[in-house]
Structure formats: structure tokens, C-alpha cells
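Novice:
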Amino acid sequence: MTDDLFRTDAYLRECEARVLRVGDDGTVVLDRTVFYPLGGGQAGDSGMLVLADGRELAIVDTRKAKDAEGRPTDEILHVPAPGQAGLLAGLKTGDAVTARIDWARRHKLMRFHTATHLLCHLVPQPVNGCSITPEYARLDFHMTDPLDKEVLTAGLAQLVGAA
651 MTDDLFRTDA YLRECEARVL RVGDDGTVVL DRTVFYPLGG GQAGDSGMLV
701 LADGRELAIV DTRKAKDAEG RPTDEILHVP APGQAGLLAG LKTGDAVTAR
751 IDWARRHKLM RFHTATHLLC HLVPQPVNGC SITPEYARLD FHMTDPLDKE
801 VLTAGLAQLV GAA
């Protein structure tokens with residue numbers, strides 16, 4: 651089981667952790683993490699695992715582990731960037747690491763995520779799709795009539811101003 655520290659403190663940028671296992675595919679499971687996994691249309695975090703000797707294992711994605719039937723488990727997979735076989739080969743169960751997210755990227759994802767919630771508040775239509783990446787956020791509404799961009803912009807400004 652991975653203790654998902656991001657649930658109690660979304661602004662936590664790093665944590666000390668222990669390696670629970672390294673998968674055959676190279677993914678790393680930690681006992682605790684600040685990395686948010688892909689989910690709900692939002693991209694998973696990236697960053698690095700700093701090893702005890704100071705070397706850095708680049709993490710390009712984070713996902714929820716799945717069981718044999720494809721259901722999410724309570725483990726979080728840290729997906730390393732290609733070309734790090736040497737670092738991965740030396741990583742063992744029980745090793746101490748520092749899990750450090752790419753904070754600028756995470757903060758952008760958080761802001762986009764919040765903006766999509768505000769937009770959902772203003773648009774009284776069902777959402778049937780969502781994608782939140784560091785470059786953009788997209789919501790798909792089930793509707794036939796166009797929205798008034800000026801009304802939406804004013805509504806968003808009012809919600810942000812009231813916060």
C-alpha cells in the first residue's frame with residue numbers, strides 16, 4: 651500500500667520514502683508519495699526520486715497500480731524515464747529515497763483542475779469528458795446550444811473574486 655500524502659497536503663513537494671518494489675516493467679512502488687497519479691482526466695505527476703547516494707531517477711508519469719482484473723489498487727506506480735536501467739538495477743526493496751515532484755508542473759495542473767470545477771459550476775450541462783494536462787484543460791459538455799463566452803468569463807471572474 652502506498653500512503654498518498656498529496657491527499658492531506660496538496661502543496662507538499664517532497665517526502666522521504668522507502669522502496670516497496672521495483673516492477674519487471676521498471677515502475678517503482680513506494681511506501682509513501684507526494685506524486686499524484688493519473689486519474690479523473692488529470693495527468694499524473696512527474697519529478698524525480700533522489701537516491702541515498704544523491705543520484706536522481708527521473709519519473710515521467712505516475713499511475714495507479716491495477717490488479718489482475720484491471721481494477722485500481724492502493725499502490726501508486728512511479729514510471730521512470732527511458733534509459734535509466736543502470737539506476738533501476740541498483741534500486742532494492744527497503745532503499746530510502748526522496749520523492750520530489752516537478753512543482754511548477756503540479757501547480758499548473760492544480761490551477762487548471764480548479765478552473766474546471768468553476769466552469770462546471772457555471773455550465774448547467776452534464777460533463778461527458780475531461781482532460782487536464784500542463785498545456786491545457788478541456789471539458790466536454792453534453793449540450794447542443796453554444797455558450798456565451800463573455801458571460802462565462804464574467805462568471806469565472808466573479809467566482810475567483812469571491813474566493
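Using the working numbering, the first residue of the sequence shown is number 651, and each one after it goes up by one.
Just so you know, even glycine gets a beta-carbon here, dropped at the ideal spot from N, CA and C.
#1: How big is the Cα-Cα spacing for Ala708 and Pro730?
#2: On the three-pair Cβ rule with 8 Å, is the stretch 776 to 795 touching the stretch 714 to 726?
#3: Using C-beta distances below 8 Å, list every residue in its chain close to Gly779, excluding the 5 sequence neighbours before and after it, in chain order.
#4: Can you list, in chain order, the residues of its chain with a C-beta nearer than 6 Å to that of Asp752? Leave out the 5 residues immediately preceding and following it.
#5: When we look at the beta-carbon of Arg671 and count the other beta-carbons within 10 Å, is it buried (16 or more) or exposed?
#6: Per DSSP, what kind of secondary structure is Phe656 in: helix, strand or coil?
#7: Taking the CB atoms as reference points, tell me whether Ala660 and Ala749 lie closer together than 7 Å.
#8: Is the stretch 799 to 807 touching the stretch 751 to 769, taking contact as three or more C-beta pairs under 8 Å?
#9: For my contact list, Val678 and Thr743 are in at a C-beta cut-off of 8 Å; report their separation, rounded to the angstrom.
#10: Give a yes or no on whether the C-beta atoms belonging to Leu655 and Val684 are separated by under 7 Å.
#11: Is Glu800 buried or exposed, if buried means 16 or more other CB atoms sit within 10 Å of its CB?
#12: If you draw a straight line from the alpha carbon of Gly676 to that of Ala739, how long is it in whole angstroms?
#13: From Arg663 to Met793, what distance separates their C-alpha atoms?
#14: For Val810, count the other beta carbons within 10 Å of its own beta carbon; 16 or more makes it buried, fewer makes it exposed. Which is it?
Specialist: Looking at the atomic coordinates:
#1: 6 Å
#2: no
#3: Gly691, Arg788, Leu789, Asp790
#4: Only Ser696, Gly697 meet the Cβ criterion.
#5: It is exposed - the Cβ of Arg671 has fewer than 16 other Cβ atoms within 10 Å.
#6: helix
#7: Their beta carbons are not under 7 Å apart, which means Ala660 does not touch Ala749 by this criterion.
#8: yes
#9: Contact doesn't hold; Cβ gap of about 11 Å is too wide.
#10: yes
#11: exposed
#12: 9 Å
#13: 39 Å
#14: Answer is exposed; the Cβ neighbour count stays below 16.
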